[in-house]
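Enquirer: Have a look at the structure that comes next, please.
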Amino acid sequence: MKLTGKLAFLAFFCALTAMPAAAFAQAPGPIYRGFGYGNMSYPQFQSFNNFLNTHPQIASDLSIHPRFVNDPHYLENHPELRQYFANHPEIARAIKSDPFGFMSAQGSYGWQRGNHTGWYQGWHRNWYPSERSNFNTFLGQHPGMARELYEHPDYVHDRDWLRRHPEAQQYFNKHPGVSDEFRRNPHEWVSHESFRPGPMRAEQRREYRREHRKERMEQRQERRQQRHEERGQRAPDNR
């Protein structure tokens, strides 16, 4: 009897431990396995990693728009990616079948940390500290532009404004990472603690303070006048 009970308990325990594995095996969609994606191996991932690190603009595009891998027009304009897919059909099938999932998995293998000298400034999303500092230095040399962007961040999308400030357009052309991130969310950029209208020159800062001091004085005077009028209305008529 004791042996039968032990065997029954062992069978029950094995059934319980097998259930999660069976459920996982039946789960739809791609399966992530340690150093691979689906049936792909880590060396295959590393191959694509190396390709992205030597083509930072493509890496930037795919990190933002993974669906570009299925865009014939994009592939036509980027023959190096088209050729890479032709030479690596397994990777091509994996990324084309699930571009968003593949790029998310690919990111975990460090494709943003390659040996290309321009990767950090060019397209990685965690470049904020150094690039913000670089951009603030540029704005410090153009205080009027800094003030305009601080008050109207959407000017970065205004073609007329960019034509009036060719130095801004030139800077964005030289720093595509800054351009992409700033254009994606300009209000977030100017609200960041590192963004200061303070790259303005000292005399402009003093003028700015004088204007605000004058505005506050006018507001206080208006409030005093309003209180005086209210007291006059409440005063009894002694006539």
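Quick note: the sequence shown uses numbering that gives the first Met the number 0, first residue 0, plus one each step. Virtual Cβ for every residue (Gly too), placed ideally from N, Cα, C. As the structure is a prediction and not an experimental result, all values here were calculated from the model.
#1: What distance in whole Å lies between the Cβ atoms of H164 and M144, which are believed to be in contact at a cut-off of 8 Å?
#2: Going by Cα to Cα distance, which pick from H186, I63, F84 is closest to F99?
#3: When the Cα of Y83 is compared with those of V177, L51, P65, R146, which residue comes out closest?
#4: For F67 and R219, I'd like the C-alpha separation in whole angstroms.
#5: Assign D153 to one of three DSSP states: helix, strand, or coil.
#6: H54: buried (16+ other C-beta within 10 angstroms of its C-beta) or exposed?
#7: Could you pull the start and end residues of the alpha helix (DSSP H) that V177 belongs to?
#8: Can you tell me whether DSSP reads Q168 as helix, strand or coil?
#9: Which value, in whole angstroms, describes the spacing of the CA atoms of P142 and E221?
#10: Please work out which residues of its chain come closer than 7 Å, Cβ to Cβ, to E147, disregarding the five sequence neighbours upstream and downstream, and give them in chain order.
#11: What is the DSSP secondary structure of G197, reduced to helix, strand or coil?
#12: E79: which of D97, D179, A58, S96 sits nearest, CA to CA?
#13: Compare the C-alpha of Q56 against each of Q45, F44, N76, L161 and name the closest.
#14: Where does H141 sit, in a helix, a strand or coil, going by DSSP?
#15: Could you give the first and the last residue of the continuous alpha helix (DSSP H) run that contains N86?
#16: With DSSP as the reference, label D60 as helix, strand or coil.
#17: Measuring only the C-alpha atoms, how far is E89 from D70?
Expert: Walking through what the data contain:
#1: 6 Å
#2: I63
#3: L51
#4: 58 Å
#5: helix
#6: buried
#7: 175–183
#8: helix
#9: 32 Å
#10: Y154
#11: Note that G197 scores 49 on pLDDT, short of 50, meaning its location in the model is unreliable and no value can be drawn from it.
#12: A58
#13: N76
#14: coil
#15: 78–86
#16: helix
#17: 18 Å
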